[in-house]
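Protein chains: 2
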Amino acid sequence: MKLSLDPKAINDVLDGHWAEARRRGRTLAEEPSTHDDPADDLDTARAKTLDGVMMMAETGLPMTGLSPEMGGKNEHATNVAGFEETVTANPSLQIKAGVQFGLFGGAILHLGDKEQHQKWLLDAQSGRLLGSFAMTEIGHGSDVANVATTATYDEATEEFVIETPFRAATKEYIGNAARDARAAVVFAQLITKGVKHGVHAFFVPVRDEAGEPMPGVSIEDDGYKGGLKGVDNGRLAFDSVRIPRTNLLNRYGDVTADGTYSSPIESPGRRFFTMLGTLVQGRVSLDGASVVASKIALDIAVRYGLERKQFTAGDDFAETTLLDYGQHQRRLMPALAAVYASAFAHEKLLTSFEEVFAGADDSEENRALLETRAAAFKADSTWMALDVIQECREACGGAGFMAENRLVGLRADLDVYVTFEGDNTVLLQLVAKRLLGDYAKEFANLDVGGAARFIGTQAAEHTLYRTGLANAGRAISDALTPNLGDKRIRSGRLQRTLLETRLEVMVAGVAQALRPATKMPAAQAADLFNVHQHELIEMARAYVELEKWKALDEKMKEQTDADQAKAFRRLRDTYGLGLIEKHMAWHLMYGRLPMSRARQINETLNRLCKKLAANALDLVEAFGYSDVHRRATIASGVEAERQAEAADYYRRARARQDFPVDEKQLRKAAKKKAKAAAR
Amino acid sequence: MKLSLDPKAINDVLDGHWAEARRRGRTLAEEPSTHDDPADDLDTARAKTLDGVMMMAETGLPMTGLSPEMGGKNEHATNVAGFEETVTANPSLQIKAGVQFGLFGGAILHLGDKEQHQKWLLDAQSGRLLGSFAMTEIGHGSDVANVATTATYDEATEEFVIETPFRAATKEYIGNAARDARAAVVFAQLITKGVKHGVHAFFVPVRDEAGEPMPGVSIEDDGYKGGLKGVDNGRLAFDSVRIPRTNLLNRYGDVTADGTYSSPIESPGRRFFTMLGTLVQGRVSLDGASVVASKIALDIAVRYGLERKQFTAGDDFAETTLLDYGQHQRRLMPALAAVYASAFAHEKLLTSFEEVFAGADDSEENRALLETRAAAFKADSTWMALDVIQECREACGGAGFMAENRLVGLRADLDVYVTFEGDNTVLLQLVAKRLLGDYAKEFANLDVGGAARFIGTQAAEHTLYRTGLANAGRAISDALTPNLGDKRIRSGRLQRTLLETRLEVMVAGVAQALRPATKMPAAQAADLFNVHQHELIEMARAYVELEKWKALDEKMKEQTDADQAKAFRRLRDTYGLGLIEKHMAWHLMYGRLPMSRARQINETLNRLCKKLAANALDLVEAFGYSDVHRRATIASGVEAERQAEAADYYRRARARQDFPVDEKQLRKAAKKKAKAAAR
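Keeping their order, the protein sequence lines are chains A and B.
One point on numbering: in my numbering, the residue at position 65 of the first sequence is 377, and numbering is uninterrupted.
One point on numbering: in my numbering, the residue at position 530 of the second sequence is 842, and numbering is uninterrupted.
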């Protein structure tokens with residue numbers, strides 16, 4: 313059952329194309345001063361985190377995204393991959409650095425012109441100029457197009473006047489704002505000559521040299537949060553704050569001295585989405601950071617599960633460890649499979665991120681795909697991280713709740729990942745809309761074969777729905793996969809077909825249900841949309857799950873070492889069958905999976921998890937982390953030492969003449985004797 | 313759709329028999345000094361929590377469980393119900409008070425004799441004598457029978473010698489230990505005359521008057537945890553610590569001066585379980601506390617969801633609130649239904665707790681039922697609380713992550729509830745064993761009709777399994793519920809039948825699968841058990857879910873007000889159909905639910921959630937909490953104020969001549985004009 317695996321070789325596959333950057337990030341994360349400490353108060357945690365940000369600046373990683381003429385390499389994923397690994401030091405560090413270099417610096421890079429790059433970008437990426445990214449407002453969480461802050465051009469002074477018109481327009485949850493930022497990229501409605509040209513980004517100084525708020529700028533501290541103690545989130549409000557005209561980051565929209573607006577993108581809608589699209593890096597990096605956090609949690613829980621033995625005083629030779637238990641395997645091994653799938657999916661995301669931003673393929677299609685995937689993966693991976701970390705924490709029992717074992721801290725910090733940089737439910741609706749759009753397009757341009765396939769699916773689905781004739785569906789499915797044995801349930805083709813069919817049927821179904829909306833008045837259309845909101849979100853999740861499964865399947869097929877390929881296949885099947893089990897009701901209802909096969913899934917998963925558990929240590933060792941990254945007492949070997957000591961005690965004690973006899977044994981012996989006497 | 317409900321009347325139903333005690337607990341929780349504060353450091357949080365414990369002592373609630381001759385009322389549930397409500401002030405307070413009065417005092421009450429009550433119990437329940445409950449050891453989390461600490465009787469001095477033989481035997485996670493306890497009830501193996509009589513409880517002083525550890529006692533501080541900052545958990549180890557013979561809490565086992573052991577319960581196994589059984593209060597109170605924490609979270613999230621409008625700058629009259637969204641309803645309303653079901657199930661648990669401990673019915677059957685339910689409900693409710701609080705936190709977006717809105721703090725504190733007082737997975741296996749035991753007993757003594765029923769179920773299940781003939785099962789199920797319309801899916805009988813059948817079939821199936829284990833060698837039997845561990849746990853969860861559903865169903869039937877009954881029915885159906893949807897694959901695979909009906913469940917749930925949302929405010933208002941209990945900025949009305957201000961701004965602005973026109977609108981108008989000119 314146990315395979316012969318080389319963790320180092322698997323690590324190469326996991327670390328992938330940006331291995332070098334990852335290793336640099338991990339080296340930085342070994343520096344003790346970057347590590348979070350639950351005993352730190354708010355000020356200490358923030359100061360330490362800022363020091364960490366400065367150390368990151370010193371690595372030079374934040375400069376790699378710049379053009380060669382500015383000292384960069386026009387490499388975008390390197391930076392992201394490196395940063396992601398700093399989650400192992402402290403998620404606050406990853407986030408605060410993300411705000412500084414990815415959002416603040418990134419906005420200047422992507423939305424500013426060369427002059428603005430010269431003025432601010434080098435200072436930003438070297439940490440000399442600390443900044444905020446002021447997009448979110450209290451009243452508009454995920455609805456950026458409607459932020460209420462205004463930037464009105466004043467021809468007389470050639471300045472923009474930044475204004476927070478009411479309390480709900482206050483910029484909220486802004487990282488770096490409460491303590492460190494000297495400037496902020498502020499998103500506001502650009503108004504000139506009485507016309508509102510939509511949301512644009514402005515460079516606004518918020519504190520003077522002494523750290524005092526600039527005139528007209530009010531700053532509040534968000535104080536304590538559920539985690540991320542080292543990030544100084546705060547609120548920014550502007551009372552007629554004047555900035556030079558040239559502080560408008562003008563790549564996608566500019567205003568001349570006399571107040572004339574111009575933009576290379578005519579449509580205000582497309583202009584807005586293009587601007588936002590350049591900021592996709594945040595979502596990409598949260599996807600990756602979630603994978604890293606999940607890896608660390610599993611690394612800790614698996615090591616503890618393999619070390620902690622459940623021996624009793626009566627039987628100190630029993631070598632059952634926690635991870636020998638069926639339920640423990642079912643808790644941790646599917647999590648391990650999901651993390652592998654997500655890691656490979658993230659690698660693909662990074663690749664298209666690099667293609668788009670380095671210019672190898674910045675076609676509109678590729679950009680759209682990148683944005684869709686970033687939204688989808690971010691949503692799925694951040695939720696996965698919370699689930700995985702929590703499962704690990706519970707699998708470690710009371711020890712899992714101790715701060716010194718890190719799991720609770722990781723979970724607390726990662727919590728907000730599911731609602732920031734786009735609330736997950738909002739992101740998934742975005743993905744759903746893209747899926748429907750692609751479906752409609754495909755439908756329009758489809759050749760006959762393809763159309764028939766879609767129509768076929770749809771018709772089958774519809775017939776089923778109306779008639780409730782499950783057998784019709786089952787017959788189709790059985791024809792598709794006839795006489796499946798146990799082995800065949802682990803067939804990649806079957807898994808793929810099930811995952812794909814589910815997505816296709818869902819998309820076709822929702823598309824059909826929503827079609828009338830196009831001809832309805834807005835309010836009625838909104839109602840119809842609302843009725844199907846839950847399905848839209850489920851559909852988007854089905855998309856991510858398929859994408860992640862495919863990433864793992866592809867990587868499996870690349871493996872040349874027989875045992876390594878086998879391990880990857882176990883991971884793929886555990887992930888795939890786990891998804892099919894999760895959505896089993898759907899597959900049954902839509903007749904895609906015969907009952908007899910469905911019944912085998914639970915047992916097959918039990919067996920797969922047991923097999924994976926046999927190589928669990930190799931598979932977490934392959935993440936490439938050391939004790940310094942884990943920093944969890946329970947994963948340090950102390951448990952094994954204690955248990956050896958205990959076993960030794962009993963061994964020696966039992967050899968003693970005066971070792972007490974158990975009352976239970978005396979009673980048993982007495983009973984036997986009484987019985988013998990009675991005979 | 314909206315019903316006319318009286319929150320006060322529903323509150324009476326929810327608060328139930330122990331309403332008075334609940335209100336006393338809530339009044340105490342209004343005291344600002346008891347409230348947790350994320351800014352407190354460890355020392356401050358602990359000191360404040362201790363003050364709160366003292367205030368609880370002053371209420372006299374901890375004395376109610378004592379006998380009348382000691383100034384009590386022999387009322388047990390009163391105390392528990394009152395305590396549960398203090399979760400609204402600070403879960404640390406509930407836990408630290410639980411350690412002091414429920415575990416430390418409770419152990420003296422239930423395991424000690426009258427003399428020992430006189431010596432320690434009044435002091436414990438008045439807070440004059442602070443104590444720990446030292447059961448768990450590092451090496452034995454949930455396996456209490458095998459704790460390694462020894463208490464060896466020394467005839468020469470008439471003392472017990474308490475010993476921690478090795479590091480893994482250190483008492484761990486002990487509440488009150490790190491800072492406040494002067495004494496501890498220590499669970500240790502009683503050894504006298506060379507015989508080990510199993511685990512007994514001993515009263516052991518651990519600190520002197522000055523607060524210094526007693527000679528031979530080592531105390532370590534567990535430091536920071538994932539939450540419960542106000543509870544001073546720590547480790548206790550004993551190096552030949554001598555205590556008088558009379559410090560053995562001797563109700564179920566005593567040692568005479570010459571070292572002779574005696575017990576009113578002959579069987580060491582039964583003796584152990586009887587002792588442990590008296591300590592069920594901890595689990596009972598965690599079940600209730602989880603319900604209270606979930607109520608507060610929902611109270612906050614629902615109020616915010618009703619207040620926060622998603623209007624845009626362009627349309628300030630749109631009055632869509634978050635809770636108008638389908639997905640938002642699907643997030644919060646099933647949680648609301650689960651909390652109602654759990655509240656009523658908890659009331660039943662409290663009732664049997666009172667029956668057993670006040671003596672109205674302390675039969676072995678009733679004790680066993682109490683213990684089974686306490687384990688089952690505690691496991692389900694503590695997990696429910698984590699899910700509900702997290703769903704609420706995410707439903708509030710970024711605001712949900714701010715400490716000032718309380719959700720993150722509640723979740724962090726409640727986290728450990730799922731693994732302490734018995735790890736949930738261990739508790740559920742306990743429940744599963746009881747279910748199998750009952751099944752076997754019933755099977756043995758069953759009359760023919762009953763046996764036929766079981767055999768019938770089993771046979772059907774078995775046939776299905778072997779043949780994969782879903783239709784056989786479906787035919788049965790269709791016969792059972794012919795021609796179900798939409799309404800009939802909401803039939804209580806159908807829901808109950810589905811929930812019951814699932815449990816019965818699972819029990820029968822697992823029983824059959826495990827039957828060979830009784831004749832196997834231990835290791836092989838353990839392997840077989842291990843293969844079915846996952847199913848055992850699922851089976852136990854099916855039991856709790858049915859019990860909770862029944863509690864809600866019964867309470868629904870008691871309602872006389874038509875609208876109130878209707879609201880309860882919506883809650884019951886949401887809870888019931890939610891469970892059926894969750895386990896839909898099972899119901900389909902076992903042919904219990906026809907496909908055509910299964911397909912309706914999602915839509916029916918959508919509709920039910922929408923209906924419940926119409927009365928959401930009434931249903932959370934009925935929890936009986938005030939702003940002081942919620943203490944969440946977002947639930948205080950501030951959001952509505954901000955939004956009114958924003959709407960007002962736009963209304964006034966639009967009336968102005970110089971209000972900027974949207975570029976989009978200009979473009980639209982220009983296009984129209986161009987078209988008109990072209991015609």
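Each residue gets a CB set at the ideal place from its N, CA and C atoms; glycine is no exception.
Contact residues of the stretch 710–733 of chain B toward chain A are G710, A711, G712, F713, M714, A715, E716, L719, V720, G721, R723, A724, D727, V728, V730, T731 and F732 (C-beta to C-beta distance below 9 angstroms).
Boundaries around P319 (chain A) are those of the alpha helix (DSSP H), P319 to D327, since no beta strand (DSSP E) includes it.
Burial is judged here by how many other beta carbons sit within 10 angstroms of a residue's own beta carbon; M313 (chain A) has fewer than 16 and is exposed. As computed with DSSP, P556 (chain B) is found in a beta bridge with B:E471. Counting C-beta atoms within 10 angstroms of its own C-beta, D885 (chain A) has 16 or more neighbours from the protein chains shown and is therefore classed as buried.
The residues D885, in chain order, have a CB closer than 6 angstroms to that of R802 (chain A) in the same chain once the five nearest residues on each side in sequence are set aside. Residues are counted here when their Cβ sits less than 8 angstroms from a Cβ of chain A; for the stretch 731–750 of chain B these are T731, F732, D735, N736 and T737, given in chain order. Inter-residue distance for R440 (chain B) and T482 (chain B) is about 26 angstroms (C-alpha atoms, whole angstroms).
By the Cβ test, the stretch 357–365 of chain A is in contact with the stretch 406–416 of chain A, since at least three Cβ pairs between them sit closer than 8 angstroms.
Ranked by Cα distance from V940 (chain B), the first of B:M896, B:M366 and B:L340 is B:L340. Taking 8 angstroms as the cut-off, the Cβ atoms of Q741 (chain A) and L848 (chain A) count as close. The beta carbon of T464 (chain B) sits closer than 8 angstroms to those of F472, V473, E475, I503 and T504, all from its chain and outside the five residues before and after it, given in chain order. Where T504 (chain A) is concerned, there is no enclosing alpha helix (DSSP H), although the beta strand (DSSP E) around it starts and stops at A495 to T504. Short of 7 angstroms from the beta carbon of K621 (chain B), and not among the five residues preceding or following it, lie these beta carbons of its own chain, in chain order: E631, T632, T633 and Q955.
Residue contact check for I503 (chain B) against chain A: a CB pair falls below 8 angstroms. Beyond the five residues adjoining it in sequence on each side, R491 (chain B) comes within less than 6 angstroms, by CB distance, of R358 and D544 in the same chain, given in chain order. As computed with DSSP, A463 (chain B) is found in a beta bridge with B:I474 and B:L502. Cβ contact annotation for G589 (chain B) (same chain, cutoff 7 angstroms, sequence separation greater than five): R679 and E683, in chain order.
Judged by DSSP in its simplified three-state form, D885 (chain B) adopts helix. Secondary structure remark: continuous alpha helix (DSSP H) runs of at least 4 residues inside the stretch 346–390 of chain A, in chain order: 354–371. Across the structure, G949 (chain A) and T398 (chain A) are spaced so that their CA atoms are roughly 24 angstroms apart.
Using a Cβ-Cβ cut-off of 8 angstroms, I450 (chain B) counts as an interface residue toward chain A, since at least one Cβ of chain A sits closer than that to its own. Check the Cα spacing between L421 (chain B) and each of B:A925, B:S404, B:L811 and B:F445: the tightest is with B:F445. In this structure the stretch 642–655 of chain B does not lie against the stretch 552–569 of chain B, because fewer than three pairs of beta carbons, one per stretch, are closer than 8 angstroms. Where E850 (chain A) is concerned, the enclosing alpha helix (DSSP H) starts and stops at Q845 to E870. Interface with chain A (8 angstroms Cβ-Cβ cutoff): V507 (chain B) is included. For the stretch 638–654 of chain A, the set of positions with a beta-carbon nearer than 7 angstroms to some beta-carbon of chain B reads G638, Q639 and R642 in chain order. The C-alpha of W432 (chain A) lies about 9 angstroms from the C-alpha of F515 (chain A). Spatial neighbours of E733 (chain A) in its own chain (CB-CB distance under 8 angstroms, excluding positions within 5 residues in sequence) are listed in chain order as G594, R595, L598 and K690.
Under the criterion of beta carbons closer than 8 angstroms, T400 (chain A) and I608 (chain A) qualify as touching, at roughly 6 angstroms. Taking a C-beta distance under 8 angstroms as the contact criterion, D355 (chain B) and G542 (chain B) do not qualify as a contact pair.
Between the alpha carbons of G377 (chain B) and R494 (chain B) lies a gap of roughly 22 angstroms. For L978 (chain B), the chain A residues whose C-beta falls within less than 8 angstroms of its own C-beta are V507, listed in chain order. In summary, the residues of the stretch 516–544 of chain A whose CB is separated from some CB of chain B by less than 8 angstroms are D534, G535, Y536, K537, G538 and G539, in the order they occur in the chain.
Put simply, the stretch 696–712 of chain B touches the stretch 600–619 of chain B. At least three CB pairs are less than 8 angstroms apart. T448 (chain A) and G709 (chain B) have their alpha carbons spaced roughly 12 angstroms apart.
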